[in-house]
Amino acid sequence: MAAEGVTVLDRGVLARAVAAAAGAAQGVAALVPGGGVPAVTQVPGDAIVGVALGGSAVSVHVVIDRLPLEPVVTGVAAAVATVLADAGDERRVEVVVEDVVDEAVESALRRGADGGEVR
Numbered sequence: 003m004a005a006e007g008v009t010v011l012d013r014g015v016l017a018r019a020v021a022a023a024a025g026a027a028q029g030v031a032a033l034v035p036g037g038g039v040p041a042v043t044q045v046p047g048d049a050i051v052g053v054a055l056g057g058s059a060v061s062v063h064v065v066i067d068r069l070p071l072e073p074v075v076t077g078v079a080a081a082v083a084t085v086l087a088d089a090g091d092e093r094r095v096e097v098v099v100e101d102v103v104d105e106a107v108e109s110a111l112r113r114g115a116d117g118g119e120v121r
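Here the sequence shown stands for residues 3 to 121, numbered as in our numbering.
Here it is as structure tokens:
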């Protein structure tokens, strides 16, 4: 769990670090709030979109620009887990793929039509 006594400023620093790590992962086109209850971390004067710091998990909502999904999701989860570990935070990481860029889907379909594997 997150350390007790975490301040709002610390939440902002952590959320920004999580967003930066997730956004830099290969295959991530953008971080987005998602549908329903938005994944946004509110801090004074700012909102970190696509990152929700929950009590037992940190949720990251992404749009990806390549397929298959698994390596992208694994990369995002690993990058975020590293940030959390460096901060002494033991929460689990949840990666939610909100959308896939159209070109990635079209490319995967073309590979499938050519006999390549599509997942």
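Cβ atoms here follow ideal geometry from the backbone N, Cα and C, with glycine treated the same way.
In the DSSP assignment, residue 33 falls within the beta strand (DSSP E) that extends over 30 to 33. Per DSSP, residue 69 lies in no alpha helix (DSSP H) and is assigned neither H nor E. For residue 57 and residue 93, the gap between their C-alpha atoms comes out near 8 Å. In this structure, residue 98 and residue 60 do not form a Cβ contact; the two beta carbons are roughly 11 Å apart against a cut-off of 8 Å. Its Cα nearest to that of residue 13, the residue 91 stands out among 91, 95, 103, 111.
Residue 94: member of the beta strand (DSSP E) spanning 94 to 102, first to last residue. Its Cα nearest to that of residue 28, the residue 76 stands out among 76, 42, 63.
Membership of residue 27 in any beta strand (DSSP E) is not indicated, and neither H nor E is assigned to it by DSSP.
DSSP places residue 109 within a helical segment (H, G or I) once states are collapsed to three. The criterion of a C-beta distance shorter than 8 Å is not satisfied by residue 30 and residue 51. In this structure, the beta-carbon distance from residue 16 to residue 89 falls below 8 Å.
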